[in-house]
Amino acid sequence: MPDHTLASLTIHSCPPDRVSAVRTIMNDYGLWGEVGEASGYIHLGTEYFSPGEFVCGDTETVTELVIQAAPEASFTIYEVPAYDGVGWTFTYVPELGIFDAHCDKLGEPLLRQSVLRKVLTEPATARRRALGLPWRTAVSKMAAGLVLAPDFYSAYWNAGDDTITVDFEGRRDDKPFYVGTTDPSETLTSWGFSCVNTWIPLDAATRRQVLKAHPRWYWFPKEEFSMTVVRRSPSA
165 MPDHTLASLT IHSCPPDRVS AVRTIMNDYG LWGEVGEASG YIHLGTEYFS PGEFVCGDTE
225 TVTELVIQAA PEASFTIYEV PAYDGVGWTF TYVPELGIFD AHCDKLGEPL LRQSVLRKVL
285 TEPATARRRA LGLPWRTAVS KMAAGLVLAP DFYSAYWNAG DDTITVDFEG RRDDKPFYVG
345 TTDPSETLTS WGFSCVNTWI PLDAATRRQV LKAHPRWYWF PKEEFSMTVV RRSPSA
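See below:
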């Protein structure tokens, strides 16, 4: 029986039309953490953890599958060392290719002394690549946030005054809609949307990102909001 361990996957960038394919791979390998299996969206810059049944060595397989499914995406995956061994980490950035190395339990690369001695005699560019620095620099410049697959949208609900809004280009204006005592998920269904995850309270950073994207949402930062992801029905 294969040894199992914990694993972590962070998507740094991904085109919207590749989200569903990447999510399928994540679900197949249990890389969803506390959120559970889901589809249609990825939180860029967020670690998705396996529940502890990740097969040792499958990081390489997942790396190959994600590159095949979304060659434009950037990501980092690592597996926690099993027993007294070392883990394995892969970072992929399209312009740079793959950087891989053994790693510790936090995913930090571990380089052998023989490798370090060798790179000390090489040009600066070669040294940087051997240490994975170009990948780290590239990833550090990639913005965190939510990326949605086509036909998936963000919905926001203010339980304080029973208003709801959907970040959808077909909206008539930039104001929230009053839903009264009606269940917000039922309201979305009546509008032709179905919820694909639970309502999650927004933290301050996410609320600032939403307001930056929608400066006319003057009402948005005044209340406590929750968010969910919805899918638009093809017939809606």
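Letter 7 of the sequence shown, counting from 1, is numbered 171 in this note's numbering, and no numbers are missing. Every residue, glycine too, gets a C-beta built ideally from N, C-alpha and C.
Range of the contiguous alpha helix (DSSP H) that encloses residue i
i	result
M190	V183 to D192
Residue i, DSSP secondary structure in three states
i	result
V360	coil
W321	strand
S304	helix
L352	helix
T327	strand
A368	helix
L195	coil
A202	coil
A313	coil
L170	coil
M165	Note on M165: pLDDT 40, under 50, position unreliable in the model; the coordinate value appears next. Here M165 sits in coil by DSSP.
Cutoff 6 Å; reference residue i; Cβ partners in own chain excluding five residues on either side
i	result
V419	With the chain running from 165 to 400 in the structure shown, residue 419 is simply not present.
Y193	V226
S397	G356
R300	none
V418	Outside the displayed range of the chain (165 to 400) lies residue 418, so it cannot be described from this structure.
D264	F254
7 Å CB neighbourhood of residue i in its chain, flanking five on each side removed
i	result
M165	Residue placement at M165 is flagged as unreliable, the pLDDT there being 40, under the threshold of 50; the coordinate-derived value follows with that caveat. Once the five neighbours on either side are set aside, M165 has no close Cβ partner at all.
W196	M190, A202 and Y212
L366	F389, S390 and M391
A233	R182, A185, V186 and I189
R291	V283
T362	T392
L260	P298, W299 and A302
Own chain residues within Cβ distance below 8 Å of residue i, not counting five before or after
i	result
L229	I189
R187	A202, S203, G204, Y205, I206 and A313
H168	G216, E217, F218, V219, C220 and A246
Segment limits, beta strand (DSSP E) that includes residue i
i	result
H207	Y205 to L208
E211	E211 to F213
S390	S390 to R396
Check: residue i C-beta below 7 Å from any heavy atom of the ligand SAM
i	result
Y193	In the structure shown, the ligand SAM is absent, as is every other ligand, since no ligand is present at all.
Three or more C-beta pairs under 8 Å: does that hold for the region 276–295 against the region 246–254?
no
Below 8 Å, can you find three or more Cβ-Cβ pairs linking the region 221–235 to the region 268–277?
The count of Cβ pairs closer than 8 Å, one atom from the region 221–235 and one from the region 268–277, stays below three, leaving the stretches out of contact.
Quick check on the DSSP output: what are the complete alpha helix (DSSP H) runs of length 4 or more inside the region 220–244, in order along the chain?
Taking only runs of at least 4 residues, the alpha helix (DSSP H) segments lying wholly in the region 220–244 are 222–233.
Return the chain-ordered ranges of every alpha helix (DSSP H) run that is complete within the region 246–296 and spans a minimum of 4 residues.
Complete alpha helix (DSSP H) runs here, min 4: 277–284 and 288–295.
For the region 174–191 against the region 207–216, are there 3 or more C-beta pairs whose distance is under 8 Å?
yes
Segment contact, 8 Å Cβ cut-off, at least three pairs: the region 183–190 with the region 309–325:
yes
Counting beta carbon pairs with one atom in the region 254–263 and one in the region 233–246, are three or more of them shorter than 8 Å?
A contact between stretches requires three or more CB pairs, one per stretch, nearer than 8 Å, and the region 233–246 meets this requirement with the region 254–263.
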